[in-house]
Amino acid sequence: MMPELGKYAEAVLSSYAVAIVLIVGLITVSVMRSNRVKKELQQIESKVKSNG
């Protein structure tokens, strides 16, 4: 299943590993930020409803 990479195997596989780590990190940061913003928005909406 894996193609023969020869002398470039280490470079190619490490590049894939770095790319996967960066993508997972970006997704993690995005989800964390989304949760934080959602929480802040709910707090703001509850303040507006109580004042209005």
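Straight run, no breaks: the sequence shown in this note's numbering ends on number 96. Each residue gets a CB set at the ideal place from its N, CA and C atoms; glycine is no exception. Since the model is a prediction, treat every value here as computed from it, not as a measurement.
Task: Q87 versus I67 - alpha carbon distance - done: Roughly 30 Å separates the two Cα atoms.
Open item on the list: I need the DSSP call for M45, collapsed to helix, strand or coil.
Closed with: Coil.
Task: Own chain partners of A63 with C-beta closer than 8 Å, once the 5 adjacent residues on each side are dropped - done: Contacts found: none.
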